[in-house]
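Residue numbers (this note's numbering), protein chains in the order written: chain A, 15 to 133; chain B, 7 to 998.
Worksheet: the structure to be examined is printed underneath.
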Ligand SMILES: [Zn+2]
């Protein structure tokens with residue numbers, strides 16, 4: 015069972031409290047109805063599923079209920095960092111090099127209601 | 007030597023640590039035997055001269071006790087307390103005896119000494135590795151009906167108990183700074199060191215007491231004490247510390263991510279009469295900041311012909327039986343070794359007065375102090391020799407030995423043979439932690455290499471061969487005071503051999519066992535290579551080497567070495583399989599734990615549950631909910647009750663508990679905008695006080711959920727969902743609100759359990775509730791179909807919905823859950839004179855099918871669009887966005903040939919179709935027929951006087967009036983395709 019840090023509750027909680035919600039940073043087109051078949055198919059079905067670092071969404075469903083993003087190594091299951099929904103993709107290179115502490119908040123803002131598609 | 011016959015003829019007086027006066031009576035295969043308190047079943051059996059304890063898996067060869075620990079592959083026993091507390095496959099080397107213990111051997115028929123399955127041993131040339139795969143492939147049907155049951159019966163392990171387990175199991179979560187696994191010399195020292203820093207420490211060991219190898223080593227001195235005394239003293243010291251928890255009889259069986267380690271503690275398996283409230287086992291789920299692995303090493307057997315004869319065992323096991331339990335494994339004990347450690351066992355046996363006729367050492371000219379000591383005791387040492395074969399059948403009676411450089415074979419009479427091919431470091435947990443092992447070429451072993459977690463290996467499992475070094479390493483690993491602990495003596499864990507011994511090498515056909523539990527011989531491994539298996543993963547599966555319940559603890563390295571030799575590759579190039587949890591078998595009880603019966607899953611009951619129960623209603627499980635199914639009256643079966651309920655609702659009125667429907671309160675200035683995006687329907691223009699049936703899609707365009715939504719205010723909606731769908735609908739809504747539409751100012755609250763919902767449906771519905779309602783005008787004009795009002799009923803606040811899932815005029819009375827039962831009873835009393843009849847979910851299903859109302863999840867299956875379901879009217883035509891809008895435009899979703907929901911009427915109105923039955927256009931076509939759809943709902947409709955059904959049929963709406971066919975085992979049923987509404991097609995009754 016993993017320990018996952020919720021960036022809203024700001025503490026590590028057991029995996030039982032969370033639900034994985036698939037790949038992060040997929041953007042739903044604001045005029046989705048006009049999207050080409052190809053673009054829509056890629057949005058709907060195609061996922062990276064990398065061996066290694068992946069950006070993924072989690073929901074602290076049995077806690078604060080918030081969705082957030084995480085960078086996790088799919089091989090070791092280790093979390094590199096977690097960040098609030100709406101915040102930009104963290105600089106993985108910098109994180110790996112240890113230049114940014116993994117639990118730092120990159121940007122201070124009222125993140126919960128930031129539209130993902132804007133970023 | 008002086009034998010004490012009281013607790014077995016092989017018990018030696020004055021040797022071992024058990025108390026002769028504390029006898030314990032037990033039975034083995036019905037035979038009454040006596041052992042001593044503290045004995046394992048294995049030590050007690052050997053004390054009584056019993057080595058034959060089981061039959062092997064495939065060849066049914068007689069098998070004895072190989073080891074004295076949890077690595078035991080052979081001695082699997084059935085332990086029975088009573089009919090329901092019966093455990094097969096218990097290792098005799100782990101099970102402690104207690105007064106009244108009943109043990110039985112397994113895998114033999116009719117008896118252990120005469121086993122008819124042993125015929126397999128005679129025909130074994132016909133049963134090589136891979137035999138089952140190749141032989142029992144064809145004909146296909148025979149695998150299930152003939153081969154598998156026979157093979158399972160002939161080659162089984164224990165028998166599963168026939169009754170539910172009545173034992174209790176408990177569960178604890180624990181957090182600690184340091185978890186130390188293994189309480190041998192290294193583990194104890196590490197725990198001491200860690201504890202001295204004030205850290206929270208958990209130390210566990212799978213044995214009944216601490217000490218590990220110190221329990222049999224006789225030459226160890228630590229801190230001025232004998233090794234064993236030091237272990238006992240250290241145990242006492244640790245037990246006295248508030249920051250330390252020591253768990254014996256506790257196996258760390260699983261090592262998961264982020265230092266999460268699962269332990270199972272055996273609490274009562276060693277007790278004669280455990281207290282009733284005592285759990286049998288306790289599962290510990292430990293999260294440790296740091297894990298110290300001190301799991302030791304496991305001795306390997308020698309691979310030679312007939313090395314599985316009872317009485318042949320590991321040297322360290324013989325030493326433990328002697329020094330701990332005072333049991334000699336034989337009276338004339340031969341020794342076969344490839345390393346030094348077996349000499350210590352020979353010396354201990356000799357000193358205890360046991361005849362040790364010979365030590366056979368495969369090494370040409372080994373030299374060490376321990377060898378000299380053995381020689382000085384007068385033991386005959388034959389170096390450069392090998393045991394070519396063991397004689398005897400149900401017990402070893404002799405060994406045939408030959409010099410390695412040729413020469414004559416000679417036979418030596420023995421009644422036991424102890425052996426050691428060397429030691430395999432226990433890297434199982436390290437490997438489970440996703441650490442990468444590294445090959446130690448000099449000593450031919452895998453050792454911890456790259457660590458994946460905050461974990462450290464110490465002592466023998468780390469390849470640290472010298473006791474002082476192991477203790478120094480342990481003190482550092484514990485992170486505390488490293489005030490020296492002087493240690494001398496101890497086992498030499500290095501050297502030895504892996505693979506087949508002389509006489510069992512390539513081109514030999516002898517039965518030299520590598521894996522005892524799965525009956526895999528050296529020859530089988532070579533055959534696998536000849537058959538083209540080149541990776542250890544393939545070899546393992548072809549031969550089943552290491553795939554038994556012992557996970558190849560004694561066999562993996564031997565198998566690997568033999569494969570590598572046959573492949574002519576270095577061992578690391580052939581690879582080691584990854585170890586998986588559990589380290590040793592874990593009972594289902596420990597894993598399932600409290601999650602049984604009522605505690606398996608929460609049971610959700612409506613506020614009116616007790617009323618339904620009192621009426622004798624059976625309940626239907628819908629998700630976690632219990633829903634009243636129907637209300638049988640005296641003499642009625644389900645069919646009769648449902649028919650009566652269905653007619654009553656249409657003729658008078660019915661009352662139905664709809665509390666389980668999911669409810670979500672959507673609040674905020676952007677609520678309507680949000681619903682526009684989540685449902686296909688338009689919401690902005692829905693008036694306050696009005697309701698609408700909504701359809702929710704997934705992004706792919708398929709129906710996800712449905713339900714009626716009422717607008718209570720400009721900024722407040724009361725959303726209902728399907729009973730089973732409520733949590734996922736809430737999750738789906740939150741997902742979009744938080745991540746796709748976070749600009750909307752909306753709040754979502756689950757209110758499912760806040761409201762009790764009483765549906766009153768039927769032509770008398772208004773008349774029945776009117777006297778109870780305050781502050782709401784119920785007239786058709788003031789409160790038409792699909793409207794909602796807030797007011798009072800029975801003096802209690804209500805959200806009163808005028809809506810219908812029956813096709814009748816009706817209401818759904820929402821009241822705060824605590825008032826549910828009282829209001830229900832009041833409405834029922836009020837309605838009785840009008841013929842108000844309680845109805846359950848079955849009647850609800852029939853009534854809605856009569857009206858062609860779908861149930862999401864029954865009439866849809868995640869591949870059905872609103873168009874497919876005949877719900878095109880529910881899609882807002884002018885909308886430019888909602889979840890699923892783009893999905894619905896996909897080519898396959900708008901093209902011909904989709905399955906569409908239609909009604910079916912059987913040509914014979916009395917025939918009721920089976921739900922799930924397949925539909926064909928031509929019943930005379932050859933099998934397999936082309937299936938064009940299936941029945942999704944089917945009932946007898948008393949109101950229609952005939953059967954009715956809904957079905958998903960390819961191009962169904964174009965087939966209205968067409969005849970189709972439903973082939974069933976008893977013949978073909980002819981049906982006519984119809985519209986989905988079977989009753990009151992114009993829907994006039996809704997406005998009644
Ligand atoms: Zn949280």
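By construction, the Cβ of each residue, glycine as well, lies at the ideal position given by its N, Cα and C atoms.
Quantities reported herein were computed from a predicted structural model and do not represent experimental measurements.
Under DSSP, residue 72(A) forms a beta bridge with 34(A), 82(A). Against chain A, a Cβ distance below 7 Å from residue 458(B) picks out 90. Restricted to the segment 232-263 of chain B, the beta strand (DSSP E) segments that are unbroken, complete and at least 3 residues in length are 250-253, 256-262, listed in chain order.
Residues lining ligand 1 by the Cβ criterion, that is a Cβ closer than 6 Å to any of its heavy atoms, are 20(A), 22(A), 23(A), 74(A), 77(A), 78(A), 80(A) in chain order. Within the segment 93-104 of chain A, the residues whose Cβ lies closer than 8 Å to some Cβ of chain B are 99, 100, listed in chain order. In the structure shown, residue 931(B) falls within a coil segment according to DSSP collapsed to helix, strand and coil. Among the residues facing chain B, residue 18(A) is not included, as its CB has no counterpart in that chain under 7 Å away. Under the three-pair Cβ rule at 8 Å, the segment 393-401 of chain B does not count as touching the segment 370-385 of chain B.
With contact defined as three or more Cβ pairs closer than 8 Å, the segment 342-350 of chain B and the segment 55-63 of chain B are not in contact. Counting every other CB atom within 10 Å of its CB across the protein chains shown gives residue 30(A) a total below 16, marking it as exposed. For residue 63(B) and residue 405(B), the gap between their C-alpha atoms comes out near 24 Å. Among the residues of the segment 882-908 of chain B, those with a Cβ less than 8 Å away from any Cβ of chain A are 886, 887, 891, 892, 893, 895, 896, 897, in the order of the chain.
Chain A has a Cβ within less than 7 Å of the Cβ of residue 266(B). Taking one beta carbon from each stretch, the segment 717-736 of chain B and the segment 667-679 of chain B have 3 or more pairs nearer than 8 Å; the two touch. DSSP places residue 53(A) inside the alpha helix (DSSP H), whose first and last residues are 51-58. Shown here for residue 494(B): same chain residues with a beta carbon closer than 6 Å to its own, the five before and five after excluded, namely 227 in chain order. Following the DSSP letters along the chain, one finds residue 738(B) inside the alpha helix (DSSP H) bounded by residues 732-741.
The DSSP-derived three-state label of residue 879(B) is helix.
When rounded, the separation of the alpha-carbon atoms in residue 939(B) and residue 812(B) is 26 Å. Within chain A, no C-beta atom comes less than 9 Å from the C-beta of residue 647(B); the nearest is roughly 40 Å away. Put simply, the backbone Cα of residue 789(B) is about 7 Å away from that of residue 783(B). Annotation for residue 429(B): the continuous beta strand (DSSP E) segment containing it runs 429-431. Between residue 787(B) and residue 648(B), the CB-CB gap reaches or exceeds 7 Å. A distance below 6 Å between beta-carbons, with the five flanking residues on each side excluded, links residue 251(B) to the following residues of its chain, in chain order: 208. Closest in alpha carbon position to residue 37(A), among 111(A), 73(A), 53(A), 110(A), is 73(A). Assignment of residue 128(B) by DSSP, reduced to helix, strand and coil, places it in the helix class. When secondary structure is reduced to three states using DSSP, residue 745(B) falls in the helix class. When DSSP states are grouped into helix, strand and coil, residue 724(B) belongs to the strand group. Nearest Cα to residue 553(B) within the set 574(B), 639(B), 588(B), 353(B): 588(B). Under the 7 Å criterion on CB atoms, residue 263(B) is classed as interfacial with respect to chain A. Taking 7 Å as the cut-off, the beta carbon of residue 655(B) is found closer than this to the beta carbon of residue 767(B). Residue 269(B) is positioned such that its CB atom lies closer than 7 Å to that of residue 258(B). Scanning chain A for C-beta atoms nearer than 9 Å to the C-beta of residue 440(B) yields 89, 90, 91, reported in chain order. By the criterion of at least three beta-carbon pairs nearer than 8 Å, the segment 908-919 of chain B is not in contact with the segment 712-726 of chain B. If the five residues before and after residue 722(B) are omitted, its C-beta is found closer than 6 Å to the C-beta atoms of 673, all from its own chain and listed in chain order. At a cut-off of 7 Å between beta-carbon atoms, residue 42(A) makes contact with chain B.
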